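Each residue of the sequence shown is one higher than the one before, starting from 1 at the first, in UniProt numbering. Okay, structure first, notes after.
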Amino acid sequence: MTLYETINIIGITAYSLVAIFFLWLTQVPNSGTRAKFWFIAVLFMLVGRVNLHFMPQYIAQDHIQAIYAFSLTFEKIFLIIGLMQFVEGNKKKSINPNFLRFGISILLSLLILFYFLGAQTLTLSWFSTTQAIFLLIVAYTLKHNTFNKDIQYKSLLIVILYLYAVHWLTFPIAVNFPTWLNFGYLFGNALNLIVYLSFAYMVVNRFQNRMIQAEQSALSLVKEANQASKAKSDFLANMSHEIRTPMNGVISMLELLHHDNLSSEQHNRVSIALASGNNLLQVINDILDFSKIEAGKLSLEYIDFNIIEMLEEVVDIVKASAHSKGLELILDVADVSIVMVNSDPLRIKQILLNLISNAIKFTEQGEILIKANINEKHDKPLFNCAIIDSGVGIEDDKRDKIFQSFQQEDTSTTRNYGGTGLGLSISKHLCQLLNGKISVSSQKGVGSCFTIALPLNRCSDTTKQPSQPDLSNLRALIVDSSNTHLTVITKLLTMWGISVETAITAEQALSLCKQPLAFNFILLGDHLNGIHAESLNEQVKQLPNCQSLKIIQLLSTTDDNKVHALLSDNVDFVLTKPMYSSQLLKAITGFNKPFSEAPNNKQKIQTRENKDLPDWPNNTQILLVEDNRINQVVATQLLAHFNLTCDIASHGAEALAMLYASLKNNRPYQLILMDCQMPVMDGYVTTENIRKGKGGDAYKATPIIAMTAHAMAGDKEKCLAIGMNDYMTKPLAKDIILEKLIKWLNIT
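Here it is as structure tokens:
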């Protein structure tokens with residue numbers, strides 16, 4: 001290998017390394033634009049050098065000359081564009097490009113002169129030395145004419161022609177010169193490398209400074225955002241407390257009044273007031289949940305739970321709203337293959353409540369079907385639940401919009417429906433938190449179907465799974481004019497092994513009852529075609545093979561007078577709609593002459609609304625620690641509703657004294673209900689002192705339930721971490737209080 005070839009290969013290698021360096025530099029954050037220009041520039045130079053070394057033996061020399069000139073011309077153009085990124089332009093002052101044209105003319109004249117005189121060394125030295133200065137002048141001129149595109153384009157065209165002419169004319173020298181050891185050629189190539197490496201250093205240095213500035217700016221913004229977020233959280237927490245405290249008095253007292261002996265008109269007024277209070281509370285809860293989601297502080301609590309019971313509880317909450325509009329609520333759980341599962345039931349209930357409440361709000365007539373199933377084909381059981389309504393529907397172009405915060409399909413001032421527009425947005429975020437998804441299909445004027453799909457964990461204790469009843473020896477007749485009701489109930493009874501016949505009219509029902517093969521029981525809806533249910537009951541009971549037939553009546557009302565009238569008139573059992581599978585099963589197995597031979601099935605059926613109160617332990621003593629007078633009255637009356645009494649302490653210091661005195665008087669407390677925000681000594685400090693034995697060693701393990709208006713993210717965790725056993729938010733819900741009392745007073 002000759003010295004010429006060796007030096008040529010060294011040059012190609014050097015430019016290759018520089019190209020790789022700029023390629024790496026393009027990956028540096030915020031450095032992409034300039035680094036890319038210089039990478040392309042080096043790439044074009046590399047192409048030119050490769051042409052010099054490898055191409056002469058393969059391609060005609062005139063083609064090589066054009067490729068060489070083209071490559072190195074565009075190398076310089078990209079380098080100029082890269083330099084323009086560093087030059088500070090002045091938008092108010094334009095630079096006349098004539099001096100640039102004049103300089104180019106002089107340089108070109110010198111090049112031609114030296115070229116024809118044969119002064120190759122001097123030519124190469126001259127142009128290599130002045131190249132960097134020339135490129136900077138070009139970049140400076142172009143940058144100062146960015147607002148004048150005409151001047152900019154003309155100047156760039158002149159520069160391109162000049163550079164092409166230079167490299168075209170110097171090509172014979174470059175390709176034919178006997179050695180690269182010539183001072184001019186070596187100096188030119190070395191200068192090129194120095195220029196590129198200097199630019200690389202400038203790039204890295206400038207990007208480093210910018211990254212430091214950006215990091216400092218980002219840290220400052222994060223600090224400001226954290227301060228703003230904390231201020232917002234503190235404000236919401238305080239607002240939550242201040243709103244929930246009076247709401248506790250309003251809603252709880254209305255609930256107690258609702259269960260008193262009132263006239264029909266009074267009952268109606270209380271119901272309206274209670275519904276309004278609950279609607280206001282829902283708005284507050286939506287805003288608080290939205291703020292938690294926005295702050296990323298919404299936590300999940302995974303526990304084992306009965307998913308069918310959870311669905312029934314959800315329907316219990318919304319059924320009054322549906323009945324008030326004359327809507328049929330239908331719960332279909334026949335395809336729920338496993339009952340005990342593990343997830344966050346509170347958040348799943350919240351999703352379902354939002355979706356069903358929406359369906360009720362936007363449906364004026366017809367029915368709402370809640371159809372649930374569990375798909376066990378996946379690694380984790382997949383809970384699918386569809387809420388299908390016959391409401392107003394949603395236009396195609398607005399389906400995505402309804403899942404956005406504070407958005408509804410109709411946001412005009414004349415819209416018919418209220419609400420914050422947060423319910424669906426919160427439901428979508430909760431589904432995502434639970435690793436699930438939510439979807440909607442709808443037809444304007446026909447109805448909508450909202451579907452959730454949530455992966456569940458299997459219950460850790462398989463013994464908790466209830467066994468399916470075997471009622472295969474029974475025959476049943478279902479009579480209802482609603483095809484949806486017929487389908488849902490048929491699926492349920494068939495799953496239990498019962499042989500089922502259906503009828504949509506009283507005439508069909510009578511015809512089926514006259515057949516030789518008798519039915520064990522008949523399930524009657526309250527909407528029949530052609531005849532009233534009461535009249536059908538009488539006619540059925542008179543048939544010879546229906547003397548021992550049991551009749552279960554479905555009613556859309558909860559009027560006790562009507563229920564008692566039916567029970568005394570040929571009806572064996574009354575179920576109020578929406579019908580729950582658990583109640584239907586108890587009705588079938590709980591008659592005086594039960595179908596099932598199992599003795600534990602001979603039980604009195606109880607409705608969800610009329611559960612008997614438990615037998616509390618004798619001398620049950622409860623201490624209520626609460627500073628607000630209204631909340632004291634509310635809690636006292638709620639406990640009285642459950643046949644319990646309590647002593648009251650207005651702050652933590654008083655509570656500690658009462659605990660200590662109770663031990664001396666031999667009247668220990670079995671349970672402490674603790675407010676968190678109080679004067680003198682708050683609930684947190686009081687709990688810490690109780691756990692340290694400052695109220696007496698006997699109370700170190702006594703159950704303490706937080707009873708607070710604080711409902712922000714982390715409030716529950718703070719209460720539990722301080723030593724409390726459980727947590728309730730105000731307004732106090734009667735059912736939740738009863739549930740907590742049963743749990744912590746160890747009622748089985």
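Virtual Cβ for every residue (Gly too), placed ideally from N, Cα, C. Quantities reported herein were computed from a predicted structural model and do not represent experimental measurements.
A straight line joining the alpha-carbon of residue 428 with that of residue 735 spans about 28 Å. Taken through DSSP and simplified to helix, strand or coil, residue 642 comes out as coil.
Non-local C-beta neighbours of residue 727 in its own chain, meaning closer than 6 Å and more than five positions away in sequence, comprise 706, 716 and 719, ordered along the chain. The beta carbons of residue 367 and residue 330 sit about 6 Å from each other, so the pair counts as a contact at 8 Å.
Beta-bridge partners assigned by DSSP to residue 727: 706.
Residue 457 is bridged by DSSP to 342. Nearest C-alpha to residue 378 among 447, 577 and 455: 455. Under the DSSP definition of a beta bridge, residue 449 partners with 388 and 441. With fewer than 16 other Cβ atoms inside 10 Å of its own Cβ, residue 303 counts as exposed. Between the stretch 630–638 and the stretch 681–688, the count of Cβ pairs shorter than 8 Å is below three; the stretches do not touch. Rounded to whole angstroms, the Cβ separation of residue 445 and residue 392 is 7 Å, and the two are in contact under 8 Å.
For residue 550, the beta-bridge partners assigned by DSSP are 521.
Contact between the stretch 264–277 and the stretch 646–655 is absent: fewer than three C-beta pairs spanning the two stretches fall below 8 Å. The C-beta separation of residue 588 from residue 521 comes to about 7 Å, placing the pair in contact by the 8 Å criterion. In the DSSP secondary-structure assignment, residue 371 is bridged to 332 and 386. In this structure, residue 360 lies away from residue 315, with their beta-carbon atoms at least 8 Å apart. If you draw a 10 Å sphere on the C-beta of residue 693, you find fewer than 16 other C-beta atoms in it, and that means exposed. For the pair residue 581 and residue 283, the CB atoms are not nearer than the 8 Å cut-off. In the structure shown, residue 674 adopts extended strand secondary structure according to DSSP, grouped into three states. According to DSSP, residue pairing for residue 305 in a beta bridge involves 341. Cβ neighbours of residue 620 within its own chain (closer than 7 Å, five residues either side excluded): 644, 670 and 745. Per the C-alpha coordinates, the member of 623, 422 and 543 positioned closest to residue 704 is 623. If you draw a straight line from the Cα of residue 287 to the Cα of residue 254, it comes to about 24 Å.
Between the beta-carbon of residue 342 and that of residue 459 there is about 5 Å, and that keeps the pair under the 8 Å contact cut. In the three-state reduction of the DSSP assignment, residue 362 falls in the coil class. Residue environment analysis places residue 20 among the exposed positions, since fewer than 16 neighbouring C-beta atoms fall within 10 angstroms of its C-beta. Remark: C-beta atoms of residue 577 and residue 556 approach each other more closely than 8 Å. For residue 636, the secondary structure class from DSSP, reduced to helix, strand or coil, is helix. Taking C-beta atoms as the reference points, residue 467 and residue 399 fail to come closer than 8 Å. In this structure residue 629 is exposed. Its beta-carbon is surrounded by fewer than 16 other beta-carbon atoms within 10 angstroms. In this model, residue 349 and residue 661 are separated by some 43 Å (Cα to Cα).
According to DSSP, residue pairing for residue 478 in a beta bridge involves 502 and 523. Going by DSSP, residue 624 is part of the beta strand (DSSP E) stretching over 622–625.
Taking 8 Å as the cut-off, the Cβ atoms of residue 351 and residue 300 do not count as close.
Per the DSSP secondary-structure output, residue 573 pairs in a beta bridge with 552.
Assigned with DSSP and collapsed to three states, residue 396 falls in helix.
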